[in-house]
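Each remark here refers to the structure printed beneath this line.
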Amino acid sequence: MARTGEGYATARAALSGARTGPKPVTDAGWALRGGLHAETSNVTNVLAHLTGDTAGERLSEAMLLGVGGGLGAGYMLWEIKGQTPNLFLGFRYRWTFHDWAERTMDRLGVGYQVKTTGSSKAAASTLQEQLAEGSAVLVVPDRQVVGYWHLPAEPALAGRGRPVFSGARRSPVVAYAATDDGIRLDDRNLAPLTVDADLLADARARVTSTKNRMVVVHTVPETLPLAEAARAGIADCVAHLDAKAATVSLPAWGKWSRLVTDQRNAKGWPKLYGKAGMATTLLSVWEHVEPAGLTGGNLRDLYADFLDEAAPLLGDAADAATDAAQQFRQAARLWHEVAETALPWDVPEYARLRELVATISAGVAAGDGALAERAEAADALWDLVAEYDRKPPAEPDLAQLSAQIQAVYEAEREAVDALRHVLR
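Counting from 15, one number per residue, gives the positions in the sequence shown under the numbering used here.
Encoded structure:
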């Protein structure tokens with residue numbers, strides 16, 4: 015088997031296969047085009063649906079990423095007493111905020127309406143009404159509660175040592191049809207994916223900040239202001255990555271690099287994971303960085319694609335955009351090295367974890383027909399992770415990991431310097 019998560023291009027082809035194939039699967043009038051990253055792909059797919067099949071050609075997922083502010087940087091721990099801290103890495107602009115889609119659509123002149131309510135029953139009823147009218151709706155379910163990624167539930171934690179995911183992971187998906195079996199969702203899947211309506215309602219109500227929130231997109235301009243929007247998105251990216259915050263901008267990578275080997279800091283990895291939980295964390299690093307899992311990966315190559323696509327729109331700054339694209343592709347290569355050190359393929363136990371993650375992702379892409387396969391893979395995955403958290407199959411090379419994260423930090427600072435030239 016090829017190394018799971020080895021290449022961005024391979025994973026992108028697998029998860030976006032419908033874009034490059036002759037014709038995507040259509041379900042209830044909705045084309046399942048796939049995608050790499052949840053937020054960027056679902057907005058891309060909604061706009062393509064509203065404007066016809068040509069929209070995927072004139073507005074790519076890469077372009078949406080760039081117009082929406084491009085890249086982010088962030089290192090956070092989701093901590094619940096008595097459980098392994100859950101690591102989060104942020105790779106998209108404003109990754110800690112839930113309004114990315116709206117801000118991006120505002121920039122493009124797209125018309126939409128945000129609907130909120132404190133009542134799960136009212137939210138479910140409104141969703142059904144919108145779907146009956148033929149609308150495609152962006153909703154934000156808790157990823158553990160919604161079920162189809164098979165993140166372990168809290169009741170399953172007793173005696174198993176599994177990480178806590180409920181309330182910790184959320185990102186928008188598209189609800190596009192109601193059937194007798196439930197609600198059909200587009201989460202980069204290439205075949206129909208159905209979730210029980212009551213379960214989806216529970217998942218939408220789980221997280222307070224996005225509780226029962228939905229965005230209904232209704233109009234797309236005939237001509238999108240791509241040149242202006244691309245330049246504004248680049249300005250956002252530079253400002254965001256240039257910020258001094260040590261949690262949600264580039265300095266986060268420097269902070270993370272130090273914590274990996276810091277034996278005195280309470281948040282240093284030797285103290286935090288010295289007794290248990292290291293396997294969960296190493297897997298989380300690999301899954302965040304590589305495009306083979308739930309998150310879509312580090313997005314640096316996708317952003318480089320944006321810069322190449324945007325170059326003809328930027329006039330005299332075209333060459334600067336192309337140069338910056340090369341810098342971000344170098345950063346993507348360095349991120350791959352981080353992932354390989356975190357969860358090395360030549361450790362058979364870790365190779366198995368990578369295969370299981372890929373099986374789950376492929377099962378989500380395959381929709382309802384792969385439910386049993388991905389559920390079986392997930393059960394095996396979380397049992398193995400719990401086992402390896404207690405007794406790691408190999409000693410992690412934290413010094414090497416720290417050095418590689420620092421190399422990423424330095425490379426991305428250089429990439430931002432190159433990106434700054436686009437705005438001059």
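Yeah, the Cβ is synthetic: ideal placement off N, Cα and C, and Gly gets one too.
Item: Ranges of the alpha helix (DSSP H) found wholly within the region 98-176, counting only runs of at least 4; Value: 114-122, 134-146, 157-160
Item: DSSP bridge partner residues for D201 (one or two, in chain order); Value: Bridge partners of D201: none, in fact.
Item: Contacts around L273, its chain only, beta-carbon distance under 7 Å, and the 5 residues preceding and following it disregarded; Value: N279, K281, G282, W283
Item: Q158 burial status per 10 Å Cβ neighbour count (16 or more: buried); Value: buried
Item: 7 Å Cβ cutoff met for Y107 and G83; Value: yes
Item: Residue range of the unbroken beta strand (DSSP E) whose run includes T193; Value: 187-193
Item: Rounded C-alpha distance that separates A375 from V352; Value: As written in the sequence, residue 375 is Ser, which differs from the Ala given in the question. Roughly 21 Å between the two C-alpha positions.
Item: Beta-carbon gap between A345 and V436 smaller than 7 Å; Value: no
Item: DSSP state of D210 mapped onto helix, strand, coil; Value: coil
Item: N-terminal and C-terminal residue of the beta strand (DSSP E) that A45 is part of; Value: 44-46
Item: Delimiting residues of the alpha helix (DSSP H) encompassing V422; Value: 412-434
Item: The region 243-261 touching the region 321-328, judged by at least three CB pairs closer than 8 Å; Value: yes
Item: Beta-bridge partners of V371, as assigned by DSSP; Value: According to DSSP, V371 bridges with nothing at all.
Item: Heavy atom of the ligand ATP within 6 Å of A219 beta-carbon; Value: In the structure on display, the ligand ATP does not appear, and there are no ligands present to speak of.
Item: Cα-Cα separation, L415 to M77; Value: 32 Å
Item: Residues near D393 in its chain [Cβ-Cβ closer than 8 Å; skip 5 each side]; Value: H164
Item: C-alpha distance - A372 paired with L207, whole-angstrom precision; Value: 18 Å
Item: Segment contact flag, the region 287-294 with the region 217-235, C-beta cutoff 8 Å, min 3 pairs; Value: no
Item: Neighbourhood of A249 by C-beta, 7 Å cutoff - its chain only, sequence neighbours within 5 removed; Value: L437
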